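Colleague: So for the first sequence, my numbering puts the first residue at 7; every next one is plus one. Every residue gets a Cβ at the ideal spot worked out from N, C-alpha and C, and that includes glycine. In this text, all values refer to a predicted model and were calculated from it rather than measured experimentally. Pasting a structure below so you can have a look.
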Amino acid sequence: MEEPPEEPSQSQESWRDHHTWITTQDILREKLITEDSFSWKLSSKGASQGETGYKKGEELRYVGGVDISFSKDDPSKACGTLVVLDFHTLQLLYQDFSFFTLQVPYVPGFLAFREAPVLQQLLEKMKRSDNPFYPQLLMVDGNGILHPRGFGLACHIGVEANLPTIGIGKNLHHVDGLTHSTVRKLLGAEENSSKDFINLVGCSGRIWGVAMRSTQGSIKPIFISIGHMISLQTAITIVQKTCKFRVPEPIRQADIRSRDYIRKLGMNGKVT
DNA sequence: GCGACAG
DNA sequence: ATCTTGTCGC
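Below, the structure is given as structure tokens:
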């Protein structure tokens with residue numbers, strides 16, 4: 007018998023790890039809830055600002071956003087960030103950071119095993135301390151069910167934290183025949199020219215999410231998919247209401263502040 | 001077989 | 001993800 011040639015640089019990530027990861031995703035996916043499942047509600051148009059008799063906590067108010075940014079010097083150094091914004095005013099209510107060293111490589115389809123642990127820790131820390139701003143909904147920088155096995159980062163965090171989540175992708179993850187050109191064709195189609203979002207229908211007929219022109223006149227869409235305990239329709243509504251720019255504010259703020267945190271640590275190479 | 005592939 | 005300043009335009 008021949009010895010399988012060793013790949014020194016690959017010794018950390020064998021196909022075995024992927025198999026374990028797939029099993030984990032398959033198991034967690036059984037707990038996924040793909041419809042609205044929360045106690046709050048979206049305030050009805052016009053009655054949102056004033057106190058109209060709703061009990062506190064019944065309306066959506068605390069929207070979280072998570073992101074991770076990396077040091078350009080040392081790609082294994084990163085900063086996980088959690089922010090919470092007021093759904094109506096989009097003002098920052100809470101922010102927390104966690105600087106850490108990455109142990110797991112990025113492998114397409116397995117982003118959660120690299121990024122979910124830190125983000126979950128940030129959520130857990132907030133919950134343990136009974137912070138009144140603990141998010142009622144979390145927006146995640148990465149996909150939900152728009153994923154090879156229908157279980158992206160947003161689903162992963164949602165299930166493990168038992169929290170409603172929405173996945174926001176800035177690039178399309180090719181799944182079920184969906185490609186860059188597919189989307190371009192759909193967005194450019196005559197009958198869709200006036201719509202601000204289109205369903206991402208794969209070859210199988212399944213709807214994986216939507217591509218949305220979040221800002222008027224923006225060419226490059228964002229990709230919205232459900233994470234956990236929320237319907238696509240509700241997810242779309244919430245994203246639209248939180249978009250001042252292309253990327254919804256909770257994600258955008260987490261991104262900006264995360265970068266800023268790393269920069270202020272002097273991890274950007276500039277020593278001037 | 002080759003290429004594609006969230007962050 | 002990260003590499004990158006100014007610049008053209010609403």
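1. Determine which residues share a DSSP beta bridge with Val90 and list them.
2. Taking the beta carbon of Gly271 as the centre, do at least 16 other beta carbons fall within 10 Å, making it buried, or is it exposed?
3. Tell me whether His186 is buried or exposed, calling it buried when 16 or more other Cβ atoms sit within 10 Å of its Cβ.
4. Express the C-alpha separation of Arg120 and Gln109 in angstroms, rounding to a whole number.
5. Who are the near neighbours of Arg155 in its chain, counting only those whose CB is closer than 8 Å to its CB and skipping five residues on each side?
6. Does DSSP put Val245 in a helix, a strand or coil?
7. Decide yes or no for the touch test of the region 171-183 against the region 78-93: beta carbon pairs closer than 8 Å, at least 3 of them.
8. For the region 150-226, list the alpha helix (DSSP H) runs that are entirely contained and at least 4 residues long, ordered along the chain.
9. By how many angstroms is the C-alpha of Lys47 removed from the C-alpha of Gly56?
10. Name the DSSP bridge partner or partners of Phe106?
11. So, for Asp92: in the same chain, excluding its five sequence neighbours on each side, which residues have a beta-carbon less than 7 Å away from its beta-carbon?
12. So, with DSSP's three-state summary, where would you put Met132?
13. Would you decide whether Val72 is buried or exposed? Buried here means 16 or more other CB atoms lie within 10 Å of its CB.
Modeller: Let's see:
1. Locating residue 90 in the first sequence gives position 84, counting from the first residue. Paired residue(s): Gly70 and Tyr100.
2. The residue labelled residue 271 in the question sits at position 265 within the first sequence. Note that residue 271 is Leu in the sequence shown here, rather than Gly. Exposed, by the Cβ-count rule.
3. The count along the first sequence starts at 1 and reaches residue 186 at position 180. Here His186 is exposed: its Cβ has fewer than 16 other Cβ atoms, across all protein chains shown, within 10 Å.
4. Here residue 109 is taken as the residue at index 103 of the first sequence, counted from 1. Here residue 120 is taken as the residue at index 114 of the first sequence, counted from 1. Approximately 7 Å, taken between the alpha carbons.
5. Translated into positions along the first sequence, residue 155 becomes position 149. Excluding sequence neighbours, Arg155 sits near Ile28, Gln31, Asp32, Arg35 and Gly115.
6. Counting from 1 along the first sequence, the entry for residue 245 is found at position 239. Here Val245 sits in helix by DSSP.
7. When C-beta atoms of the region 171-183 are compared with those of the region 78-93, fewer than three pairs fall below 8 Å, so the two segments do not count as touching.
8. Here the runs fully enclosed are 159-167 and 186-194.
9. The count along the first sequence starts at 1 and reaches residue 56 at position 50. The count along the first sequence starts at 1 and reaches residue 47 at position 41. Annotation note: pLDDT 47 at Gly56 (below 50); position unreliable, coordinate value reported separately. Distance between the alpha carbons of Gly56 and Lys47: 15 Å.
10. Residue 106 sits at position 100 when you count from the first residue of the first sequence. Phe106 pairs with Ala84.
11. Stepping through the first sequence from its first residue, residue 92 is reached at position 86. If the five residues before and after Asp92 are omitted, its C-beta is found closer than 7 Å to the C-beta atoms of Arg67 and Leu99, all from its own chain and listed in chain order.
12. Here the question's residue 132 lines up with position 126 in the first sequence. Residue state for Met132 is assigned as helix, using DSSP reduced to three classes.
13. Within the first sequence, numbered from 1, the residue matching residue 72 stands at position 66. The residue in question, Val72, is buried, as its Cβ has 16 or more Cβ neighbours within 10 Å.
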